[in-house]
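Below is one structure, written out as C-alpha cells, with a few remarks after it.
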Amino acid sequence: MILMKNRFYSPDNAGGSKIAGREKAAAGAGGLVPGSSGHAYQKKADPNKKRNTILTIIAVVAVICLMAFYQKNSSDHSYAISIIERSAVYVVAATAMNLVTGFTGLFSLGAAGFMAIGAYTTAVLTIPVATRPSVYYMNGIAPWLENLSLPMPVAMILGGLIAAGFAALIGIPVLRLKSDYLAIATLGFSEIIRTILAAPMMDRITNGSYGLNNIPGFSNLFSPLIIAAICVAVIMLLLHSSYGRAFKAVRDDEVAAEAMGINLFRTKELSFVISSFFMGISGGMLALFMRSIDTKTFQITMTYNILLIVVLGGIGSITGSIIGAFLINGGQEWLRFLDEPLTVGGVTIPLFRPGFRMVIYSILLMVVVLFWRRGIMGDKEFSWSRLLGLFHRKPAKGGDQ
Amino acid sequence: MSLATFVQQLLTGVSLGGAYALIAIGYTMVYGILRLINFAHGDLFMMSGYFMIFAIASMPWFIAVPVAIAGTVLLGIGIEKAAYRPLRRAPRMSVMISAIGVSYLLENLATYLFTAIPMAYPEIPGLKKILTFGPVTTSLVTILTPILTVVLTILLLQLINRTKIGMAMRAVSKDTEASRLMGIKVDSTISFTFFVGSLLAAVGALLYFTDRMTVYPFSGALPGLKCFVAAVLGGIGSIPGAVIGGFIIGISETFIVAFGYSTFSDAFTFMLLIIILLVRPTGLFGEAASDKV
Amino acid sequence: MAASENVLHVEHVTMQFGGVVAVNDLTLDVNKGEIVALIGPNGAGKTTAFNVITGVYQPTNGRVQFAGKTIIENHPKGKVKKNYMGDPALIYPGSIVKTPDKITQLGIARTFQNIRLFKAMTVFENVLIATHMRSKADVFSATFGVNHKEEMANRELAMELIDMVGLGDAADAMATSLPYGKQRRLEIARALATKPQLLLLDEPAAGMNPQETDELGEFIIKIKNDFDLTVFIIEHHMDLVMSISDRIYVLNFGKLIAQGSPAEIQKNQMVIDAYLGAGDTN
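Protein chains in written order, with my numbering: chain A, 15 to 415; chain B, 126 to 418; chain C, 48 to 329.
Structure, rendered in C-alpha cells:
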C-alpha cells in the first residue's frame, strides 16, 4: 500500500524543498516545486497603497466626525439618526445574504426567518424585567423567562447562534436541492419559522399576535455602526480566506470544485450557517432599533427587501451591499414626498398619494434588475483608483492611460 | 365529525382545490418552458380579482367577465415580454429576482391603486345560488369549480398533445435551442404559454374570489406560493400532476382548518413542500433531468 | 526494472444509463510511474470511465482500486437491477461509494474534457483553490489569519505551479481571458496543486496545434518525473499518444477491444477498423 506521502510541502520549509530521495532537490536553491528557483510568493507591490491608505483614513475620520456631530445634537437630527441606524441593520443583513447568495451561489430566501429568530431572542432577553408583566399582560409570561435577562451584545450573539443552529438543521435536507427549489424550500422554512413563532403554544414566550414591545433601544448612534462594522469585517476576512475561495469555487462550478477536493455539502452548509448567524444578529439589531416587533415584521417581503438591496449594490460585492443598504433606506425616506399630494401651479396632480412611493420604488428596482443587473458595484469592491478614475477619464486617444 | 359535515368540508376542499389547480397549472407550464418559478403568478391572480371588481362596476356581467379575463391575459403576457424576455439569456437567479420584483411591484401597485382595505368581490348572477342536497348546503360555484377545472384540464391536455402549438410547447420545454433551430417560433410559443396560464389563473380567480368574497393586495401572495407547492407536489412540468397537487392541497387545507388548526394550515403546506423535495423531488408525476459532466 | 506497484485497478466496471451501456465490463490497470492512454472513437465511453473512477458517477457494477485499496464498488440494485445487461456472474457484492472530493483527497486528480476553470477568478486563484483541500486550518483560524504560514506556503506552491506551466506573467489575469491552450495548461496546474499521485488528463491536447502538442507531451513527461506521478490520459492526438504512452487501452462502444504497447496497437486491425469504420461491408 502506497503511503500518501506529502511530496511537495514540508512545514519547516525554509526555502529548500524536502522531497524525499530526490537528488534534484540539491540543484534548485529551494522551492516547493522541484527544479524551480523557489521565489517566495509576493503580492504585487501596489503603487497607490500609500495614497489609498491616506484617503481611507480621511474618509473614516470624516464619517466618525459626522456621526459624532449627529450624536451630540441627537434631538435635532433624530430623523437622520434613525435612517443611519436602520441602514446599519440592513448592512449586516445584506452582507449576510450576499455571503450565501452572491459568494456561494445559493439562492436562499430564508433571511426573514433567521432574522425573526434573532429578533425574538434578543427582544425576549432584553426587555427590562420590570416591564415584562405589562408587555405580556394578555398571555402571561413563561416562568423561566420572567427574570432572565442578558446584556444586549450577549442576547444578540445568542440570537445569532440560535439562528445558526436552525440553519444547520435546515441545511441538511435543503442544500442538496437545485437553485430554484432551494429558493422555495428556504422560503418555506422562513414561513414555517414565522408560524412557529406566532403559534399559540409559544404565546408565553413570544406574546403571540400582540408582539413584543418595550425593547430597549441603542444607547447611542455608534453602537449599531460598530456592530455592523465588526460583522462586515469578519465576513470580509472570511471571504479572503481559503474558505472564502472555496465558497466562490462552489458558486462558479460545483463539478470542478468537487474535483479539486472541496466537499460541496460541507462548504455550502458552512456558508449557510455563518450567513444565518449574521442574519440573526441583524434581526437582533432590528428589534433594538424598532423597539417593538411582531411576526408580521418578518414576512417574505422582508427577505425581498434585503434581496433587492443586494441586487442594487451588486451581487458579489460587500461594499456594494453597504452602499445599497444606505441608498435604499435613505432613498425610501427621500421618496416619501411622493406620498404627499403635490400641487403644481394650483393644480393637484392626482398621482401623488400614499402608496405612490412604494410603486416608484418598485419600478426603480425593476429597472435595476432588468437593465443594470450588475448593480452599482457589480462584483468588485470599492477602490479609490476606480473612483478617481471616474473623474479623470481622458478622451480616447491612441495612447495608454 | 358527522357525515354531513365531512361531505360539506370535502366539497369546500374540492372547490378550493380546483381553484388552486387552475393556478398551479400556470406555474407548472411556465416552469416547464422557462425553468422559472413565476413568483408573480399569484399576484396576477390577485390583479384578476380587481379587474373583475372594476369591470362589473361599469358593465353587465356577461361583458365584464370576458373583459376581466382578457385584462388578466394581457397583463400576464405583458409581464413576460417586459420582465422575463429581456433576461432570457441571463443566469437563472436573475430571472427569479425579476419575478420577485414583478410580484413586489404588483403588490405595491395594488396597494396604491386600490388601498390595502379589502374590497368586496362582486357576485356574478347565478354562481352563488344555494343548492341543498339533504343535510348538505352548498353554492353553485362550489360544485362548478372542480367540474370546470377538470374540463379545462382535459381541453388543455388535448391542446398540448394534439395540436401543433402544443407540440411546439412541448419541444421548447425539452430543448429551447434545438426548437429554435427546427424553426419553431420560440418567443410566440412562450407568449402562448403565458396566455394559457394567465387564462386559467383568471378563471381560477373568478371561482376563488366568488367564494372568498373579498380581494386585497396580498390575496395572491400566499395562495400563489401554495399553488407552486401544488405544482411541485404533482411533479413540476406535469399538468395532470399540478391539478392533482392542487386538489390535494385544497382538501388538506380545508380539513386542517375544519379541525381547528387554522394557524398551521399554511405551515402544513410548506412542510409538505419540504417533504416532497426531500423524498421525491420530481413529485408524483414528474420526470428527472440530469447534467452531462 | 523492478515490477511496479499497481496504482489504479479497474475491475469489470459497467456503467449503464437506462438502456445505454456507456462502459461495458471494463478491466484495466495503471502501474506506478507509467503513462497509460485510453483511446477510442468519440462516444466510446472514455470520459464516462474517468467519471466513474473519480466518483462523479457510481458504476452500475464493478470495482475500482487505488493503490491496492478498494475505493469504489457497486452492484446493480433497485430499478437498475431489472435493466442490467451485464454478466450476472460478475456482479460485485460490496457497495462503496465516494464523492469526487473524497477521491481527490485520496490522491487522484483530473482535468476536464470541456475545461472547467473557475470563471470568475484569476489564474492564480484557480490554482490556489486547489490547495484548500489539504489545508489543516479550520474556518476560525483561516478567517482570523492564524494559519498565516500555511496560507503563505499554499500561495507559494500555487505561484510555482503557475510558473512551471508557463503562465507566470498571466497570474492575475482572469482565467477565461487566456487562450484555449493556456487554459488547458492552467487546468493541469490546478490539478497538480491537489498533490495527487495519479493524474487523469481528459483530452489535454484538444484544440492544440502540433507544436503545442509536442510541448505538452514533453511537459507531461516532465511533471511525471518531477512529481513522481502516474498519468492516465484520454487523447485523440495519436502522435502524442504514441510518443509518450507506455501502454494503451482501446475502447469502442464501451468495450475494451485492444490493449498493449503503442507498437502493438498501431498494428491492431480491430483498432484500425474501429477508428475508420468497419470498411466496405456492403
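Glycine included, every Cβ here is placed at the ideal spot set by N, Cα and C. Just so you know, these numbers come straight off a predicted model, no measurement behind them.
Residue burial annotation: G329(B) is buried, with at least 16 other C-beta atoms found within 10 angstroms of its C-beta.
Taking C-alpha positions only, L365(A) is separated from K310(B) by approximately 40 Å. The stretch 49–58 of chain C makes contact with the stretch 103–115 of chain C: 3 or more CB pairs, one atom from each, lie closer than 8 Å.
Residues of the stretch 109–141 of chain A with a C-beta atom less than 9 Å from some C-beta of chain B are T115, G119, F121, L123, listed in chain order. Per DSSP, reduced to three states, the secondary structure at S264(B) is strand. According to the DSSP assignment, V168(A) belongs to the alpha helix (DSSP H) that extends over 166–188. Those residues of the stretch 269–283 of chain A placed with their C-beta closer than 8 Å to a C-beta in chain C are V269, A270, A271, E272, A273, M274, G275, I276, N277, L278, ordered along the chain. Excluding sequence positions up to five before and after Y150(A), its CB lies within less than 6 Å of the CB of N221, all in the same chain and listed in chain order.
Using a CB distance below 8 Å, the part of the stretch 246–272 of chain A facing chain C consists of V248, L251, L252, S255, S256, Y257, R259, A260, K262, A263, R265, D266, D267, V269, A270, A271, E272, ordered along the chain. Look at A392(B): its C-beta is under 8 Å from a C-beta on chain A. When beta bridges are read from the DSSP output, D76(C) appears opposite H56(C). Taking C-beta atoms as the reference points, L248(C) and T158(C) count as a pair closer than 8 Å. Against L169(B), chain A offers no close residue; the least beta-carbon distance is about 15 Å (beta-carbon pairs closer than 8 Å). Annotated three-state conformation of Y296(C) is strand, per DSSP. If you draw a straight line from the Cα of I78(A) to the Cα of R367(A), it comes to about 37 Å.
Excluding sequence positions up to five before and after Q63(C), its CB lies within less than 6 Å of the CB of T107, all in the same chain and listed in chain order.
Inclusion of L235(A) and L322(A) in the CB contact set at 8 Å is not warranted, their separation being larger than that value.
Taken in chain order, the complete beta strand (DSSP E) segments of 3 residues or longer contained in the stretch 95–168 of chain C are 108–113, 116–121, 155–157. Sorting D393(A), I72(A), G116(A), L211(A) by C-alpha distance to the C-alpha of K282(A) places G116(A) at the top. Under the three-state reduction of DSSP output, L226(A) falls in the strand class. Apart from the 5 residues on each side of it in sequence, T200(A) sits with its Cβ closer than 7 Å to the Cβ of S122, L123, G124, V188 in its chain, given in chain order. In the DSSP annotation of this structure, the continuous segment of the alpha helix (DSSP H) that includes K314(C) starts and ends at 309–314. Contact of D217(A) with chain C is not assigned, every C-beta pair being separated by 8 Å or more. Closest in C-alpha terms to I143(C), from the list I162(C), A156(C), N161(C), E120(C), comes E120(C). CA-to-CA, the gap between S204(A) and G203(B) works out to about 31 Å. For H254(A), the closest alpha carbon among the candidates N66(A), V143(A), Y104(A), E395(A) is that of E395(A). In this structure, the straight-line span from the alpha carbon of G345(B) to that of G322(B) is close to 15 Å.
Per the C-alpha coordinates, the member of L302(A), F291(A), L239(A) positioned closest to A182(A) is F291(A). In this model, I295(C) and V103(C) are separated by some 23 Å (Cα to Cα). The three-state secondary structure of A245(B), taken from DSSP, is strand. The beta carbon of M250(A) sits closer than 8 Å to those of I332, all from its chain and outside the five residues before and after it, given in chain order. Not a single C-beta of chain C is nearer than 8 Å to the C-beta of D60(A). Under the 8 Å Cβ criterion, the stretch 143–154 of chain C counts as touching the stretch 258–275 of chain A, having at least three qualifying pairs. Between G334(A) and M391(A), the C-beta gap is smaller than 8 Å, which places the two residues in contact. In this structure, the straight-line span from the alpha carbon of P342(B) to that of F370(A) is close to 14 Å.
Beta-bridge partners of M62(C) (DSSP): V70(C).
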